[in-house]
Amino acid sequence: MLSIYNTLTKRIEEIRPIKPDTVTMYTCGPTVYRDAHIGNLRTYMMADWIRRVIQVYGYEVYHIKNITDVGHMRQELVEAGGDKVIMAALAEGRTVEDITQYYASLFHRDEARLNILPAHVYPWATEHIPEMVSMVETLMGNEFAYEQGGNIYFDVARFTDYGKLSRNTGADLLEGVRAEADPLKRDPRDFTLWKAAEAGRDYKWDSPWGDGFPGWHIECSAMARKYLGEEFDIHTGGVDNIFPHHEDEIAQSEATFGKRHVNYWVHAQHLLADGAKMAKSSGNVFLIEELISRGFDPLSFRYLCMTVRYRHRMNFTFNSLRAAERALTNLRNRVWVWKNQAGESGPLDEVAKWRQQFWDRVENDLDIPGALALTWDMARSELPSGDKLALLLEFDKIFGLDLDQVPATYDLPDIVGTVVGERTSLRQQADYQNADVLRANVLSEGFMLEDTASASRIRPKTNLERQGELWAAVSSSREVESFLDRPSEYDFTYILNAYSHPLDVQRCVTSMLRYPGGHNNEIIVIDNGSTDGTAEWLEEFKAAHDSVRVIHCDHNVGDAAGKNIGIKQSLGKNIIILDGSAEVVGEILDTIHERLADDTVGIFGPFGLTTDDLQHFHEEVDEGDADAMQAYCMAFRRERVSEVGLMRECFRFYRNLDIDYCFQFKDKGYRVVADASLPLVRHEHRLWTELDENQRDELSRKNFGRFLRRWGNRPDLLITAGGRGVGSSFFHH
Ligand code: AMP
Ligand code: ZN
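Oh and the sequence shown: position 34 is 708 in our numbering, straight run, nothing missing.
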């Protein structure tokens, strides 16, 4: 039987089910007022592997996965002033139910795309309010809960086992809960079971304590009790669920039913993207839908997750996903080849040996990466192909990669079939030149040709193989060659770090071309991971204009990295970085050329900022020295970059990166100079306006912190001290 790391006991333990033939399992499911991202799905995939393994032992796994819907109390939304998506939907007349149904259906679709076996029941939180109320009543009755101002709190002091899951006790615990100090609680560790509805609240339910709504944790206790009983075998979630969610779930359930709640608590470590926590506004939250629109097979993500142990943090990058897709394609190819070979088999004990080794790994704390590595050893071994095929399909009952769906023959257009036949005979005659011509023809028809010693095989290209031909793409600025030490070939390099919003990109780029002013210019556009047609438009535009170059990124690499790509590739004497919201409306190049000819000037542009205290930056420079230049338009000499450096790539979001980069120039003794009369206009800045208030504050704060940590003790770099009026602060420029 499977052994797995139990967060409760901190040991790897063999699973011993409570019932003889059914294993009961509860998985904390999705919140359906937003998308489930690939990190969430990694956690559900872990539960899926656990379930598949246990099923192979002949047990039934009765699996429950809850749906946390809006009406319910993950109050973060309402407290945060509402989610933009939801508010917009409500304003359009859609109901909260429409919204939760919509996100739930996307979630089910993505689970299916990843071959995650559906749970037996997906209970919705708002459909289980009476069960939650009944538990709270029991807790009031046995005095594990108390009422204060219409709210019901769990009395943590009375539950002596509190902290046994997270080991989060004493000082650590207080540290964790301090932020939400609620004066009604007797003890800051106490948590809410039921909350009185405030005036005007739409989503509320009747209870013995008046209208209100349940706390978040109670939903899982109540639904687990309803579907799995007072005690059950396995409970899964992500590591962020351990505290407080699961700790509180144990307290409520064990205090209500007087018995151990769950025997095995299993938690998946988080998925990072590009080495950082995924956050919507840093542009590194990825959805399965998005992987598909970038040409990937969703099962490549499943394969990728198989390469990292569930208990380890996993860093998602598009490079690793591409490698996973190649490996999966390769595995499918082998199935196809083996299916076409005679189904020979070898000695039975050889097969049994591979099988045993596979299960040794799987059983050992779900070592799927080990099992996968072993599978490759087996595939490359001397075992007869019939045995390989049988073993692989057997292993795939755990992996879940649909390898049994690989056809023995693909449907090929007649012409392609004929060509392959001709090519095989050309190769037999050693006429490789003509064989290669035929090969190129087949490739251009959308098929892959693979030669073996005896014959040529052909299969349709994958989406990724087809898309890969459209244009090359980079995954990071490191992959881009630097031309900074080469002599200049142009007077100016215009750089646009383009995000989605094709109309803005078009307006900005065409305006760059409109006023060449007799100079020799190049334009570099970084397509920073668009999937909305921006990339295609840029390709067409490039084809029509010799001076335009486009560098595609296979995802949003971050603002600083995008700009650095442009800077590294530039060959102009002067560099002008424009933002997509900016438009050139007159001759600007002569002025920029003149200003930058002054050796004391580092950065020049129209939208200068000043500050007295490094805390608040004001937009009040019409002409002359400034403390920083806003990113809408920033010009500097290319040769300066070798001295001041590239932009700092920890700035994934644009905000305050401009200020930070200006300080790099100031630190080297250069001035930042503004001239507001430069003919340039600013349009709606969508990267900013599309964010909601909370995202703006969070991102601004984080980037401002980055700036301050580096430059906060350098008031000596400011142009002047004292006596400036109040303009707009850095939060609202
Ligand atoms: P939520 O929709 O926020 O309740 O999250 C659903 C599940 O995904 C929970 O089990 C979380 O612990 C888990 N989860 C959240 N963020 C990540 C992440 N970055 N990587 C892996 N799992 C996550
Ligand atoms: Zn839960």
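Glycine residues also receive a C-beta, built at the ideal position from the N, C-alpha and C atoms. None of these values were measured; they are calculated from a predicted model.
{"Check": "Opening and closing residue of the beta strand (DSSP E) in which H909 lies", "Outcome": "F906 to G912"}
{"Check": "Which of helix, strand or coil DSSP assigns to S1281", "Outcome": "The sequence shown places Phe at residue 1281, rather than the Ser named in the question. Correct three-state label for F1281: coil."}
{"Check": "Proximity test, C702 beta-carbon vs the ligand AMP heavy atom, cut-off 8 Å", "Outcome": "yes"}
{"Check": "N-terminal and C-terminal residue of the beta strand (DSSP E) that N1171 is part of", "Outcome": "Y1164 to A1172"}
{"Check": "CA-to-CA distance, N1238 to R1383, given in whole angstroms", "Outcome": "21 Å"}
{"Check": "Those residues which DSSP pairs with G886 across a bridge", "Outcome": "A870 and W879"}
{"Check": "For H802, the three-state DSSP class (helix, strand or coil)", "Outcome": "helix"}
{"Check": "Heavy atom of the ligand AMP within 8 Å of Q943 beta-carbon", "Outcome": "yes"}
{"Check": "Close Cβ partners of G1319 (< 8 Å) along its chain, the five nearest in sequence each way excluded", "Outcome": "Q1338"}
{"Check": "Cβ distance (whole Å) where G949 is taken to contact N989 below 8 Å", "Outcome": "6 Å"}
{"Check": "Which listed residue (M980, L1048 and E805) has its alpha carbon closest to that of W723", "Outcome": "M980"}
{"Check": "A831: first and last residue of the uninterrupted alpha helix (DSSP H) it sits in", "Outcome": "A831 -> no alpha helix (DSSP H), and no H or E assigned at all."}
{"Check": "Buried versus exposed, by CB contacts within 10 Å (16 or more), Q1304", "Outcome": "buried"}
{"Check": "Check: T717 C-beta below 8 Å from any heavy atom of the ligand AMP", "Outcome": "yes"}
{"Check": "Simplified DSSP state of K1135, which is helix, strand or coil", "Outcome": "coil"}
{"Check": "Expected contact under 8 Å - CB spacing of A1220 and H1193 to nearest Å", "Outcome": "It is Asp, not Ala, that sits at residue 1220 in the sequence shown. About 15 Å separates the two Cβ atoms, so there is no contact after all."}
{"Check": "Segment contact, 8 Å Cβ cut-off, at least three pairs: the region 1280-1296 with the region 1230-1246", "Outcome": "no"}
{"Check": "Check: H891 C-beta below 8 Å from any heavy atom of the ligand ZN", "Outcome": "yes"}
{"Check": "CB contact flag (F1069, R976, <9 Å)", "Outcome": "no"}
{"Check": "Uninterrupted alpha helix (DSSP H) stretches inside the region 1202-1252 (no shorter than 4 residues)", "Outcome": "1208-1218 and 1233-1243"}
{"Check": "Start and end residues, alpha helix (DSSP H) containing C894", "Outcome": "I892 to L902"}
{"Check": "CB of D907 within 9 Å of CB of T698, strictly", "Outcome": "yes"}
{"Check": "Length of the line joining the Cα atoms of L1391 and K1340", "Outcome": "6 Å"}
{"Check": "9 Å Cβ cutoff met for S1118 and P1058", "Outcome": "no"}
{"Check": "Separation of W1033 from A1064, as counted between CA atoms", "Outcome": "15 Å"}
{"Check": "Beta-carbon gap between Y1335 and R1322 smaller than 9 Å", "Outcome": "yes"}
{"Check": "Separation of D695 from E1037, as counted between CA atoms", "Outcome": "18 Å"}
{"Check": "F1291 (DSSP reduced to helix, strand or coil)", "Outcome": "coil"}
{"Check": "Candidates G1095, C702 and T834, of which the one nearest A793 by Cα", "Outcome": "C702"}
{"Check": "Span separating the alpha-carbon of K693 from that of I826", "Outcome": "35 Å"}
{"Check": "Span of the beta strand (DSSP E), counted from its first residue to its last, around D1349", "Outcome": "R1345 to D1349"}
{"Check": "Where D1051 sits in the DSSP three-state scheme", "Outcome": "helix"}
{"Check": "Range covered by the alpha helix (DSSP H) that runs through L945", "Outcome": "First-last for L945: L945 to A947, but that is the beta strand (DSSP E), not the alpha helix (DSSP H)."}
{"Check": "Segment limits, beta strand (DSSP E) that includes R685", "Outcome": "R685 to E688"}
{"Check": "Any 3 or more C-beta pairs closer than 8 Å across the region 717-733 and the region 882-897", "Outcome": "no"}
{"Check": "D1076 beta carbon less than 9 Å from that of E963", "Outcome": "no"}
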